Amino acid sequence: MIGLDGLDPDFLERHRHELPVLKSLMEEGASGKLRSTIPPFSLAAWPTAMSGMNPARTGVTCLPEDDFNWSVPPLNSQSIKVPLIWDVVGLNDKKVAVVNVPLTYPPSPVNGFMISGFLTPNRATDFTWPPEFRLELSPGYETSFDFMQHEVDREFFLKRLYLLTRKQFENVEELIKKKPWDLFIYVVSGTDWIQHYFCKDQGLPGWEESEAIMLDYFREIDAFLGRLRRSVDSSTTIVILSDHGFGKVPSSFVYLNHWLKEKNYLTFRGSLSASVKNYLSRHLRSQIGRASCRERV
Ligand SMILES: [Zn+2]
């Protein structure tokens, strides 16, 4: 099972002829659009995809972006309150390999091995289970980098992204060939990060260049999928899935909590004026206008 984070169905449709492996998998197998979670954020959607339960059940509803700290992320694998697919498969005596799935740090014991993914703290060294499994990875293996901090330097961002991606590919390909497994899951996070970086240009002058940069990266992923496909026998079922799409940020938003407050369906704890002021200032600061999940209804 290969996860391509943020694989937008419209992007895929526009470029399917330039992504031959994805195209042939779609044509030879079954394909369709999946509905994402509400909210459609990676950290909410992956636990749902891996458990079949909605965010209210998994316990991960959204990313607390206001006080996000890359060194000590506010969410981790302990935030997930339900068993995930590798827990169930492992309990049935099948071997699992879990690589780079978001929100898997700290890694949990599995019947096989796990390498944690997005939101592994910077410079963590305990990102594998079993812990000594880290020594089997090639030197320089990275789980993620704080890509949002590199937004000012495009070349540096792309260089780091390709470096991390190729290193992960190299390791995943080796592990697929060498290790025993019944279920192998690898999630590519770079497909999400590059779109966070370039999707905001959609419809603006220079958009074609941004689209071409993203397509180049997807071509690299597509070629990697081709290599993986050749690494497994023909009886292996291949699933490619994603957690949400990508698009231009809309020009207006509905702040549901604000509307509920106006209609007297919502009250805030503590001082009303302070809570409302705090609530509004957070949203006005937020350029992408995500609804806060920390308001209480
Ligand atoms: Zn995502």
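Counting along the sequence shown from 1, when you hit position 263 you're at 281 in the working numbering, and nothing is skipped either side. Don't be surprised by glycine CBs; every beta carbon is placed ideally from N, CA and C. Just so we're clear, the structure is a prediction, and the values are computed from it rather than from any experiment.
Between the options, which has its C-alpha nearest residue i's C-alpha?
i, options, result
"Phe-202", "Thr-183, Ile-258, Thr-209", "Ile-258"
"Trp-104", "Asp-200, Ser-207, Val-272, Asp-164", "Asp-200"
"Met-44", "Tyr-204, Phe-136, Ser-69, Leu-30", "Leu-30"
"Pro-57", "Leu-284, Arg-287, Leu-274", "Leu-274"
"Cys-72", "Glu-160, Pro-101, Ala-230", "For the sequence presented, residue 72 should be read as Asn rather than Cys. Considering only alpha carbons, the answer is Pro-101."
"Ile-194", "Ser-162, Ala-142, Lys-177, Met-132", "Met-132"
"Lys-185", "Tyr-159, Lys-281, Gly-224", "Tyr-159"
"Gly-208", "Ser-134, Ile-239, Arg-245, Pro-149", "Ile-239"
"Asp-164", "Asn-140, Leu-52, Cys-217, Gly-221", "Asn-140"
"Lys-197", "Leu-25, Lys-112, Lys-41, Val-39", "Lys-112"
"Ser-269", "Ser-253, Leu-52, Ala-67, Lys-218", "Lys-218"
"Phe-136", "Arg-34, His-276, Phe-59", "Phe-59"
"Thr-255", "Glu-46, Arg-34, Ala-241, His-276", "Glu-46"
Can the beta-carbon of residue i be found closer than 8 Å to that of residue j?
i, j, result
"Leu-109", "Leu-61", "no"
"Thr-76", "Pro-65", "yes"
"Val-272", "Tyr-204", "no"
"Thr-161", "Thr-183", "no"
"Val-206", "Leu-22", "yes"
"Ser-54", "Ala-63", "yes"
"Ser-126", "Ser-95", "yes"
"Ser-4", "Leu-25", "As displayed, the chain neither begins before 19 nor continues past 315, which places residue 4 out of reach and without an answer."
So is the beta-carbon of residue i under 7 Å away from any non-hydrogen atom of ligand 1?
i, result
"Ser-162", "no"
"Asp-28", "no"
"Asp-376", "Any question about residue 376 goes unanswered here, given that the chain covers just 19 to 315."
"Gly-24", "yes"
"Asp-261", "yes"
"Asp-111", "no"
"Asp-210", "yes"
"Ala-67", "no"
"Ser-60", "yes"
"Ala-63", "yes"
Assuming residue i and residue j form a contact by the criterion Cβ under 8 Å, report the distance between their Cβ atoms to the nearest whole angstrom.
i, j, result
"Val-106", "Asn-129", "With 8 Å as the limit, Val-106 and Asn-129 do not qualify as a contact, their Cβ atoms being about 10 Å apart."
"Tyr-123", "Phe-145", "6 Å"
"Glu-36", "Arg-237", "7 Å"
"Leu-243", "Ile-20", "7 Å"
Check: For the 8 Å Cβ check, are there 3 or more pairs between the segment 151-161 and the segment 188-196?
Finding: With a cut-off of 8 Å, the segment 188-196 and the segment 151-161 count as touching, because enough Cβ pairs lie within range.
Note to self: Measuring CB atoms only, is the segment 208-221 touching the segment 259-272, in the sense that at least three cross pairs come out at less than 8 Å?
What the structure shows: At 8 Å Cβ cutoff, the stretches touch.
Notebook entry, point to check: Quick one: any contact between the segment 22-40 and the segment 221-239, if contact means 3 or more CB pairs under 8 Å?
Noted result: Yes: the two stretches touch, three or more of their Cβ pairs being nearer than 8 Å.
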